[in-house]
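Trainee:
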Amino acid sequence: MATLKRALLPAIFFAAALTLVGCGLGRDSSGDAQGGADPIVAATVNGRPIYIEDVRAHAVARGWLRETEDLDANSDAFYLALEELIQVRLFAMEAEARGFDRRADVRRQVENARERVLANSIYDEIDARATDPEAIERLYRENVNRLGQGEEVHLRQIVFPTREAADQAKRRLDQGERFEVIAFEQNTSGDGGDLGFSAVDDLTTAMKQEVNATTVGNLIGPIEAEGHWYTYQVLDRRTRGVPSLETLRPRIVDWLRYQEITQLDERLARDARVERLRQPEEGMEPGGEVTAPEDAAPTPARPTTPAPDANAPPFPFPMGAGGQAPATTTQAPATTPPAQTPPAAQRPQPQRPPAPQPQQQPATQEETGTTP
245 MATLKRALLP AIFFAAALTL VGCGLGRDSS GDAQGGADPI VAATVNGRPI YIEDVRAHAV
305 ARGWLRETED LDANSDAFYL ALEELIQVRL FAMEAEARGF DRRADVRRQV ENARERVLAN
365 SIYDEIDARA TDPEAIERLY RENVNRLGQG EEVHLRQIVF PTREAADQAK RRLDQGERFE
425 VIAFEQNTSG DGGDLGFSAV DDLTTAMKQE VNATTVGNLI GPIEAEGHWY TYQVLDRRTR
485 GVPSLETLRP RIVDWLRYQE ITQLDERLAR DARVERLRQP EEGMEPGGEV TAPEDAAPTP
545 ARPTTPAPDA NAPPFPFPMG AGGQAPATTT QAPATTPPAQ TPPAAQRPQP QRPPAPQPQQ
605 QPATQEETGT TP
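The opening position of the sequence shown corresponds to residue 245 in this note's numbering, with each subsequent residue numbered one higher.
As structure tokens, this is what we get:
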């Protein structure tokens, strides 16, 4: 057991600390959101309880359990999560005994963790409203008449570092060499650069013109975007009808969630007095992306509603052929160097909806008649 604890120690403190801060370090959670029921104690450490719900929350934060799953008290996930919380509780008590809880830096970190837990409680409440079946069905009924038939196109791509490499590959393709062979040589992706089906209406204007002027089997490009060159092949076209509620449900949930978070964020920012005492130097404004260092410790996973500054999901109505989201994470590039990112070769991760480029949002659901 001691060996297990020593091995776990470096990785667990952040996630477990957030869990314990969220429940007031276990001193009194009898008033938590459990419908008024008394919480069930999983263990006590020097008389201080650790509750079953604390263990479950920690298992979710560590990625051992899905948010919607119940935690089996006989499972490995329960055992490991409980042992980690016990270990952190012991260290927290020792820190209190040494007077560390009176240090300014420690108090500041505890308060920061407390604020994150409180903010997540707002996100959870918003998420509950966004997943309400009545709200989803109401938005679908109000907008279903905007959904018409449209066209989808199946594309695949090859990405090149230079124009010369793209032109050389184009000559090989014109001579009959297989597209996927060249894609494999360029390390485009393991599936030959297949981007799947995308709604033609979701493409950039220039790319849409290229697609409409190209027949199935023919090539598009090379096209430059963001310092790379892209060659596409049109594999297929199809027409799709009005999508079902179940097809659109995930996108409607994303939209409802984003709308409420954005409106709340704007209201709070407008009503608050915020003084930013440090500003970026001229020419050093943030570009919107931060790359973590390779040796950075992984952030414990906690499925929560996206933060207010997350990119907006596309409005569900209308959205191109059949109401289907594009298979890629971004729109295809225009024929001139655009500001958008070219379509990624990889498909989006299944557990998360695509994160499109920021778009202007409609004022209200009723006023919205086009894709933002």
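Note that beta-carbon positions come from the ideal geometry of N, C-alpha and C, so glycine has one too. Note that this is a predicted model, so its numbers are computed, not measured.
1. Can A286 and V304 be called in contact, C-beta distance under 8 angstroms?
2. A287 by DSSP, collapsed to three states: which one?
3. Select from N462, R481 and V289 the residue whose C-alpha is nearest the C-alpha of A336.
4. Alpha carbon to alpha carbon, what distance is there between F322 and E328?
5. Since T506 is in the alpha helix (DSSP H), which residue starts that stretch and which ends it?
6. In terms of residue numbering, what span does the alpha helix (DSSP H) encompassing E338 cover?
7. Kindly list the residues whose CB is nearer than 7 angstroms to the CB of L315, restricted to its own chain and excluding five residues on each side of it in sequence; keep chain order.
8. By Cβ distance below 8 angstroms, which residues in the same chain neighbour V444 in space, the five residues on each side in sequence not counted?
9. Within 10 Å of its beta-carbon, does Q503 have 16 or more other beta-carbons around it, so buried, or fewer, so exposed?
10. Quick check on D349: buried or exposed, where buried means 16 or more other Cβ atoms within 10 Å of its Cβ?
11. Compare the C-beta of Q412 with all C-beta atoms of chain C and state if any pair is closer than 8 angstroms.
12. So for E408, helix, strand or coil by DSSP?
13. Flag this pair as yes or no: are the beta carbons of G465 and T475 separated by less than 8 angstroms?
14. Taking the continuous beta strand (DSSP E) assigned at D371, which residues delimit it?
15. Where do the N-terminal and C-terminal ends of the alpha helix (DSSP H) with F423 fall, by residue?
16. Report the residue ranges of all beta strand (DSSP E) runs contained in full by the stretch 433 to 468; include only those spanning at least 3 residues, in chain order.
17. Measure the alpha-carbon distance for E470 versus V403 and round it to whole angstroms.
18. If contact is defined by three or more beta carbon pairs under 8 angstroms, each pair taking one atom from either stretch, is the stretch 408 to 420 in contact with the stretch 489 to 496?
19. Could you name the residues that DSSP lists as bridge partners for W473?
20. I need the straight-line Cα distance from R511 to D282, nearest angstrom please.
21. Would the beta-carbon of I370 fall within 8 angstroms of that of R501?
Mentor: Taking the structure as given:
1. In this structure, V304 does not lie closer than 8 angstroms to A286 by Cβ.
2. Of the three classes helix, strand and coil, the one that applies to A287 here is strand, per DSSP.
3. Nearest C-alpha to A336: V289.
4. Spanning the two alpha carbons is a distance of roughly 10 angstroms.
5. Looking at the DSSP string, the run of the alpha helix (DSSP H) that includes T506 is L489 to D515.
6. Run containing E338: D320 to A341, per the alpha helix (DSSP H) assignment.
7. Within the same chain, Cβ atoms closer than 7 angstroms to the Cβ of L315 are found at V299, R300, A303, L309, A321 and F322, the five residues on either side in sequence being excluded.
8. Hits under 8 angstroms: G394, E395, E396, V397, K452, V455, N456, G564 and A565.
9. So Q503 counts as buried.
10. That one is exposed.
11. Here chain C cannot be found, since the structure has a single protein chain.
12. It is helical.
13. Yes, they are a contact pair.
14. For D371, there is no enclosing beta strand (DSSP E); the enclosing alpha helix (DSSP H) covers residues A348 to A374.
15. For F423, the enclosing alpha helix (DSSP H) covers residues F423 to E429.
16. 438 to 443, all fully within the stretch 433 to 468.
17. Rounded to the nearest angstrom, the two C-alpha atoms are 11 angstroms apart.
18. With the rule of 3 Cβ pairs closer than 8 angstroms, the stretch 489 to 496 does not count as touching the stretch 408 to 420.
19. F404 and E468, per the DSSP bridge assignment.
20. Distance between the alpha carbons of R511 and D282: 36 angstroms.
21. It is a contact, given that the beta carbons lie within the stated cut-off.
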